[in-house]
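Protein chains in written order, with our numbering: chain A, 15 to 195; chain B, 836 to 1276. Heads up, the beta-carbon is just placed ideally off N, CA and C, and yes, glycines get one too.
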Amino acid sequence: MDHSITGTFRYRALTLLLCGAWFSPTASASNWWYAEVGVTRTRIDASATEFNPVLPRLKLGFFITPQIMLEAHYAGSGDDTAANTHMEVEEITAAYLRLDSGFRSDMRMYVLLGGAESTLKVTGTGGSTGGTDSYSDFSWGIGLESRVWTNNTLLTLEYTEYYNHDDVTIAGVSLGFKFEY
Amino acid sequence: MNRLIRLSLALFVLLLSACGPTGDTEGLKQHVVKNKFNISSLIIKPKYTQTLAPVSAPPANSKYYFAHNDSEELQAFGITDTDDEIALTDLDLNWSITDNSDTSGDTTIDKNGLLKTESLGSYQSKDIAVNISFATLTATADVVISSYPLATNGLSIKINDVVVNDTNQSIPVCDTTSLKAEGLFDDGSSRDITRKITWSAALADSNAQFSTTDPNSPVFSSHTNATYAVTPDYNGQGTATMNFVVSQTGFTNFVIDSSSVSVASGETHTLSVTADIDSGSGNVNKEVTSRAKWSSADAAIVTVDDPGVVKGEATGGPIDVTAQCGSASVTSSVTVNIDNTIKSIEILDENSNSIDNKYLILDTAVNLKLRVHKIDGSTQDITTDTDTTWEISTITGQGEPITIDNADDKGLVTAVAVGIANVIAKYKSREDKLTVSVTAN
């Protein structure tokens, strides 16, 4: 109950934010979309057990204004074994509204607000059957970018929480290389 | 371009609106726990009302008898590949009931395993099955809901888990006796019904301790030799009486850990006593501190409010503190010294400033404070400390010109009449004095 109230608040706040972005004049920007490739080291906590699958990740985004973007994330499969349990992340998909701080000394920070869906498969290491299920939730992230080589190429370090509900947490730290077009 | 952006935004808002937390987290957690502990099967057990007969060992053919119109807590355990039992707590297990009888049932079970049995009315018993699923495993327990009453003379008392038939039981002084109650019912079942029992005991003042704090494990003990009648009652259906004859028999080698101790005023020291106790199976050395009777020869200097815990009230001594178990007693000499970590105490005004005199107008009040100065140079506000007391000695006036709070608002001085009085603050055998003058305006 408590979670759903908090969630409703978040979604309303986010909807207002998006509506604000909708009606704001579109700023001129030299770049209007970007792509990033990288890796994500996930942390999955369940029943006092931690799993850390490493996933390849692709990110695509559009500029609404120079400091407001829309992003889509897709992380592919990876797995880890702990406590006799094999945890496989089949995929993580996410969509975010991204708010940038603007560059200072070729670096900028940003926050991500949106939603994510993670698909996990659990099996026993002894071959026992398990289950596959998808977990979706409000998702947020915070990141740091630094220009490298050119004005259009950046290195990205990002923390993202994909799911946090009922004592199950799915989060990740990502390192990526980004190109703005 | 603008159209594309706006379309993206609209889709994004739609996506977010569907972003409530979803997913079977319980299933995920259960799979992890199952694999983590190598759980290969499940069993269900009642937390309290164990069915003793007819006996069938779980998990196969387990059958539990429960009273109708009652409640029972059921617990699920996972059995590991090494036959260890793992309590499956803090997980929302999927409990359910299978009722194949002709009678419509109101028996329910919640996600915590709390089974509420229906009222059977004119029926005497009914079979149901309680099911549980966990990860990929399932288990079932057969339950008989019974309205059969307790059989005549069907209530038995168990001492240390053994049914006793002799209604007079000799037990050593200061020993503990764990009691349980077993019921034989007209349906032929025997059940541990300790939790359902109302116990009464004819106890002479504080000589005996009969603790039913844990209704599943009542404990009797006494530090005074006498005969005590303990009577359990099962919902008015049956009673039994057990006479506990408490004596020195089986009680030897009574020893206190310190024959003399020094304690600072306001501080405490815990003494302990032990004895060799033979409850019928040989001597066992036991700590009996909490069961002995404790007393101080001079409560103005040393008190013993909790078993074995001596507190220095004022400097002096040595004072004999005695622990007694029947006719056996042991003594420790307690000397109370002044707390030499304290240099002085000082009464302060409401702003924590030093004062020698305080002037109050009639019907006004002030919160005095008390500070301790320690030898190491540190200070501490002890206004409301449990060892701080505030007193009044009147110098002039008709009656006491002030009142002072010693309870919820310690140090609050209220001027109630014209006159002069001394406020005396005491803390661990130290004291400070302040003169308070009350004027009409």
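- Within the DSSP secondary-structure output, residue 99(A) pairs in a beta bridge with 96(A), 138(A).
- With respect to the 8 Å criterion, residue 938(B) and residue 951(B) are not classified as neighbours on the basis of their beta carbons.
- Legend: CB atoms of the region 864–890 of chain B lying less than 9 Å from CB atoms of chain A belong to residues 864, 865, 866, 867, 868, 869, 870, 871, 872, 873, 875.
- Contact between the region 1071–1086 of chain B and the region 989–1006 of chain B is established, with three or more Cβ pairs separated by less than 8 Å.
- By alpha-carbon distance to residue 1065(B), the top candidate from 991(B), 1105(B), 1227(B) is 991(B).
- Its chain contains 1104, 1106, 1145, 1167, 1168, 1169, 1170 as the residues whose beta carbon lies nearer than 8 Å to that of residue 1096(B), once the 5 sequence neighbours on both sides are disregarded; these appear in chain order.
- Using a CB distance cut-off of 8 Å, residue 63(A) counts as an interface residue toward chain B.
- The beta-carbon of residue 68(A) is placed no less than 8 Å from the nearest beta-carbon of chain B.
- Close to chain A, meaning a Cβ-Cβ distance shorter than 9 Å, is no residue of the region 935–952 of chain B at all.
- Less than 8 Å separates the beta-carbon of residue 1219(B) from that of residue 1245(B).
- Taking all protein chains in view, the Cβ of residue 1215(B) is surrounded by fewer than 16 other Cβ atoms within 10 Å, so the residue is classified as exposed.
- In its chain, beyond the 5 residues on either side, 907, 908, 1027, 1029, 1030, 1051 have a beta carbon closer than 8 Å to the beta carbon of residue 883(B).
- Taking a 10 Å sphere around the C-beta of residue 1203(B), we find 16 or more other C-beta atoms and assign the residue as buried.
- Contact with chain A is found for residue 857(B), since one of that chain's Cβ atoms lies less than 8 Å from the residue's Cβ.
- Chain B has a Cβ within less than 8 Å of the Cβ of residue 150(A).
- Look at residue 953(B) here: in three-state DSSP terms it is coil, with no helix or strand label.
- With a cut-off of 8 Å on Cβ pairs, the region 1231–1241 of chain B is in contact with the region 1265–1276 of chain B, counting three or more such pairs.
- Taking CB atoms only, residue 155(A) has no neighbour in chain B less than 8 Å away.
- For residue 870(B), the enclosing alpha helix (DSSP H) begins and ends at 860–871.
- Within the region 163–185 of chain A, those residues whose Cβ lies closer than 9 Å to any Cβ of chain B are, in chain order, 177, 178, 179, 180, 181, 182.
- In this structure, residue 151(A) sits away from residue 862(B), with a CB-CB distance that is not shorter than 8 Å.
- One thing to note: residue 1131(B) has its Cβ within 8 Å of the Cβ of residue 1138(B).
- DSSP places residue 1030(B) in the helix class (H, G or I) of the three-state scheme.
- Contact of residue 60(A) with chain B is assigned, a C-beta pair being separated by under 8 Å.
- Counting along the chain, residue 1194(B) sits inside the beta strand (DSSP E) bounded by residues 1192–1196.
- Taking 8 Å as the CB threshold, residue 145(A) lines the interface with chain B.
- Cβ proximity to chain B below 9 Å picks out 96, 97, 98, 99, 100, 101 from the region 94–107 of chain A.
- The region 1013–1022 of chain B makes contact with the region 980–998 of chain B; the number of CB pairs closer than 8 Å reaches 3 or more.
- In terms of Cβ geometry, residue 1206(B) and residue 1190(B) do not form a close pair [threshold 8 Å].
- The CB of residue 860(B) comes closer than 8 Å to the CB of 60, 149, 179, 180, 181, 182 in chain A, given here in chain order.
- Pairing residue 54(A) with residue 1209(B), the inter-Cα distance amounts to about 58 Å.
- Buried is the label assigned to residue 1254(B), since at least 16 other Cβ atoms lie within 10 Å of its Cβ.
- Around the C-beta of residue 123(A), fewer than 16 other C-beta atoms lie within 10 Å, and the residue is accordingly described as exposed.
- The DSSP-derived three-state label of residue 923(B) is coil.
- The residue from 1182(B), 1071(B), 960(B) with its alpha-carbon nearest to that of residue 901(B) is 960(B).
- Against chain B, the CB of residue 125(A) has no partner CB under 8 Å away; the residue lies outside that interface.
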